[in-house]
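To keep things clear, I will list the structure first and then write my remarks on it.
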Amino acid sequence: MKASSLSFLIAIAMAIVGMAWGIDMAISQDHSAMPAHAHLNLLGWVSLFLFGIFYRLHPALDVARIARLQVFIWVAGVAILTVGVAMIHSGRPSGEPFAGVGSIIVLAAMLLFGWLVLRYERVANAA
Ligand code: HEM
53 MKASSLSFLI AIAMAIVGMA WGIDMAISQD HSAMPAHAHL NLLGWVSLFL FGIFYRLHPA
113 LDVARIARLQ VFIWVAGVAI LTVGVAMIHS GRPSGEPFAG VGSIIVLAAM LLFGWLVLRY
173 ERVANAA
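Quick note on this note's numbering: the sequence shown kicks off at 53 and runs consecutively.
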């Protein structure tokens with residue numbers, strides 16, 4: 053599957069989970085999970101969908117394994133980070149390592165994405 057399609061599909065799945073979580077917070081009037089909800093929606097829905105648009109704009113990159121790898125690393129990082137943040141804000145400090153590891157993983161995935169952007173924008177500008 054192309055990296056863009058993968059990004060769009062997983063972004064939609066994360067948006068559905070994030071929005072359902074928002075509705076649950078609103079109904080229960082317990083907003084303690086708000087930081088986890090916000091991270092899931094902004095990293096899992098918004099950022100991932102933006103990655104997908106970039107990959108769709110660069111067809112050669114869209115079919116490259118490195119792009120799919122970047123998406124998988126990002127998704128793993130967002131999932132781990134979200135779980136960690138949710139645990140911390142629900143009174144379980146044992147979530148700290150998850151939040152820490154997840155945040156390093158998403159940073160690594162963003163660095164990889166930044167490198168891909170530099171590489172492929174240079175090619176696009178040279179053409
Ligand atoms: C069905 C859809 C959604 C519902 C019902 C919902 C519900 C909520 C609720 C109840 C809060 C807590 C507010 C507070 O305690 O002050 C919240 C916070 C937040 N939500 Fe959502 N949300 C939804 C979708 C989204 C989406 C799609 C995004 C991002 C793209 C998003 C981003 C955020 C952010 C950033 C915050 C933190 C705001 C702050 O710091 O005050 N939410 N949401």
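Note that the Cβ used here is the ideal one computed from N, Cα and C, for glycine as well.
I need the straight-line Cα distance from Glu173 to Ile125, nearest angstrom please. CA-to-CA, the gap between Glu173 and Ile125 works out to about 22 angstroms.
Touch check for the region 95-102 and the region 66-86: three-plus C-beta pairs under 8 angstroms? yes
Leu86 (DSSP reduced to helix, strand or coil): Here residue 86 is Met; the residue named in the question, Leu, does not match the sequence. Note: Met86 maps to helix in three-state DSSP.
Quick one: does the C-beta of Ile125 sit closer than 8 angstroms to a heavy atom of the ligand HEM? no
Give me the Cβ distance between Leu133 and Gly154, rounded to the nearest whole Å; I'm assuming they're in contact under 8 angstroms. 3 angstroms
8 angstroms contact criterion, which His91 and Gly74 should meet: CB distance rounded: Their Cβ separation, rounded to whole angstroms, is 12 angstroms, which puts His91 and Gly74 out of contact at 8 angstroms.
Taking Cβ to Cβ, would you say Ser80 is nearer than 9 angstroms to Ser142? no
Helix, strand or coil at Arg144 [DSSP, three-state]: coil
Sorry if obvious, but does the Cβ on His141 come closer than 8 angstroms to a heavy atom of the ligand HEM? no
Which residues in the same chain as Val135 place their Cβ atom closer than 6 angstroms to its Cβ, once the five residues preceding and following it in sequence are excluded? Phe150, listed in sequence order.
Can Phe88 be considered in contact with the ligand HEM, in the sense that its beta carbon sits closer than 8 angstroms to one or more heavy atoms? Looking at the sequence shown, residue 88 is not Phe but Ala. For Ala88, the CB stays at least 8 angstroms from every heavy atom of the ligand HEM.
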